[in-house]
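J.: Letter by letter, the sequence shown follows residues 2 to 373 of our numbering.
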Amino acid sequence: MIIDSLDHLRRRRSAKWRRYPDDVLPLFVAEMDVPLAPAIADVLRAAVESSDTGYAIPGADLGEAVAGFAARRWGWQVDPAKVTAVADVGVGAVELLRALTSPGDSVVISPPVYPPFFHWVQEAGAQLREVPLADGRRLDLAALETAFASHPAAYLLCNPHNPVGRVHTRDELTALITLASRYGVTVISDEIHAPLVLPGATFTPFLSLPGAADVGVSLISASKAFNLAGLKCAAVVDGTRSVASAFPPDARWRTGHFGVLATVAAFTHGDAWLDGLLGFLDERRTQLGTLLHDRLPWITWTPPEGTFLAWLDCRARPDEEQPARRFLDRGRVALEPGLRFGASGAGYVRLNFGTSAEILDEATQRMVRAYR
Ligand SMILES: Cc1ncc(COP(=O)(O)O)c(C=O)c1O
């Protein structure tokens, strides 16, 4: 995987490259610096050449592409008829929460977790209930049981879990299904990072497990693994109950046309490219471990099992400032502040290693400078 030079990358106009001035190295938001997969670039180029820039009409091709990918990658048999296109995972989650909750209902999340989980629950008008991860990494099944006993409407599962990079095990998910069916809680499984599970770990799609279809609904997308976040397409995969049929009728018009074209191309023709990416990210993960060990030994981390995001514990250097502030102000490197992921993220930063070896090297040098 050849990554463009920093000068070239700075020509991009996405959030990663526009948010901070040019002297800041951006490793914050979850966009990768990789080039587009050729199969996706071809389909988008052809659309531009024929001025094919109208509305999306996601049809059977999206469901079939999702089903083909799920079967090849994870042995998960998805019925294409149960796949509904949405503009992105955030929109899908909010629409699912609106469909599943009534005023006064609560929804459980497990921080530290992707910051919009907090916002989505509020946007849908539900009450937030936090059940933090056990040891900062694992689903706390005992605490979830206590929370589920008060009958929340839903549990928002993040698998793989952003920011800690954990891939929940089959046994943990099976126990979650038991709890969800015992207490009548619907599990919304956000599996956006699933295609990015790295060598050494195995992803279990929630809905592939016995009993899950009766209690769950999943969200998947090509946008993280193929770097398509700006194109606006994700997919709801329904279980037994068709939650997506309760979506507002206009929701189908909000999905991006380029997003659907790119997602179908990614999920149909992207396997070999994705395998190359996973090998590349595995190397970056190893490189980051070496750089941290050699240059920033006071930072501790558990290498993620999936995603290109590293959750770094900087609490060994307590400071008046949060570490992300100090890395930005003194090192000119932008990392995601841990506190955005919940109170237990105090003293942590999230670093995006979906970039070149050179940029990762430079970023850790800047991090050293920030604490000199
Ligand atoms: C767990 C998780 N869910 C959802 C999203 C955002 O997805 P989308 O841009 O499709 O709303 C992200 C982005 O990084 C994420 O990490």
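Every residue gets a Cβ at the ideal spot worked out from N, C-alpha and C, and that includes glycine.
Just to confirm the assignment, what range does the alpha helix (DSSP H) spanning Gly-217 have?
T.: No alpha helix (DSSP H) holds Gly-217; the beta strand (DSSP E) holding it covers 217-221.
J.: Look up Asp-89 in the DSSP assignment and give the residues it is bridged to.
T.: Answer is none; Asp-89 lacks a bridge partner.
J.: Is Gly-91 near ligand 1, going by C-beta to nearest heavy atom under 7 Å?
T.: Within the cutoff, so yes.
J.: Flag Ala-194 as yes when its Cβ comes closer than 7 Å to any non-hydrogen atom of ligand 1, and as no otherwise.
T.: Rather than Ala, the amino acid found at residue 194 in this sequence is His. His-194: yes, Cβ under 7 Å from ligand 1.
J.: Could I get the ranges of all uninterrupted beta strand (DSSP E) runs contained in the region 234-301, with 3 residues as the minimum, in chain order?
T.: Correct list: 235-238.
J.: Taking 7 Å as the line, does the beta carbon of Ala-273 fall inside it for any heavy atom of ligand 1?
T.: Judged by the Cβ position, Ala-273 fails to qualify as a neighbour of ligand 1 at the 7 Å threshold, every heavy atom of the ligand being at least this far.
J.: What is the rounded straight-line gap between the Cα of His-270 and the Cα of Pro-133?
T.: Going from the Cα of His-270 to the Cα of Pro-133 covers about 38 Å.
J.: Could you tell me the distance, in whole angstroms, from the CA atom of Glu-65 to the CA atom of Arg-318?
T.: 50 Å
J.: Is Lys-17 near ligand 1, going by C-beta to nearest heavy atom under 7 Å?
T.: no
J.: Any heavy atom of ligand 1 within a distance shorter than 7 Å of the CB on Ala-311?
T.: Checking every heavy atom of ligand 1 against the Cβ of Ala-311, none is found closer than 7 Å.
J.: Check this for me: beta carbons of Glu-306 and Val-198, under 8 Å apart or not?
T.: yes
J.: Taking 8 Å as the threshold (C-beta atoms), are Thr-356 and Gly-141 in contact?
T.: For clarity, residue 141 is Asp in the given sequence; the question names Gly instead. No, the Cβ-Cβ distance between Asp-141 and Thr-356 is not below 8 Å.
J.: Considering just the uninterrupted stretch of the beta strand (DSSP E) at Ile-110, what are its terminal residues?
T.: For Ile-110, the enclosing beta strand (DSSP E) starts and ends at 107-110.
J.: Out of Ala-252, Leu-180 and Pro-338, state which residue places its alpha-carbon closest to the alpha-carbon of Tyr-115.
T.: Pro-338
J.: Span of the beta strand (DSSP E) holding Ser-182?
T.: It is not in any beta strand (DSSP E) - Ser-182 instead sits in the alpha helix (DSSP H) that spans 171-184.
J.: Among Ser-151, Phe-354 and Glu-124, whose alpha-carbon lies nearest the alpha-carbon of Leu-278?
T.: Ranking the options by Cα distance to Leu-278, first place goes to Phe-354.
J.: Taking the Cβ atom as the reference point for each residue, do Leu-313 and Tyr-349 lie within a distance shorter than 8 Å?
T.: yes
J.: Taking the alpha-carbon of Thr-85 as reference, which of Leu-45, Ala-148, Asp-251 and Ala-31 has the nearest alpha-carbon?
T.: Asp-251
J.: Where does the unbroken alpha helix (DSSP H) through Arg-12 begin, and where does it stop?
T.: Element bounds for Arg-12: n/a, residue is neither H nor E.
J.: Measuring only the C-alpha atoms, how far is Ala-143 from Ser-219?
T.: 23 Å
J.: For ligand 1, I want to know if Asp-34 counts as a neighbour, meaning its beta carbon is within less than 7 Å of at least one of the ligand's heavy atoms.
T.: No; taking the cut-off as 7 Å, the Cβ of Asp-34 has no heavy atom of ligand 1 nearer than that.
J.: Measure from the C-beta of Ser-107 to each C-beta in chain D and report whether the shortest distance is under 8 Å.
T.: Absence of chain D from the displayed structure is noted, only one protein chain being present.
J.: What did DSSP end up calling Ala-150 once you bin it into helix, strand or coil?
T.: coil
J.: Count the other CB atoms within 10 Å of the CB of Trp-121; is the residue buried (16 or more) or exposed (fewer)?
T.: buried
J.: Do Leu-98 and Ala-125 have their CB atoms nearer than 8 Å?
T.: Contact: yes.
J.: Per DSSP, Gln-128 forms a beta bridge with which residues?
T.: Ser-107
J.: Which one of Ala-223, Thr-264, Pro-39 and Asp-89 has the shortest CA to CA distance from Asp-62?
T.: Thr-264
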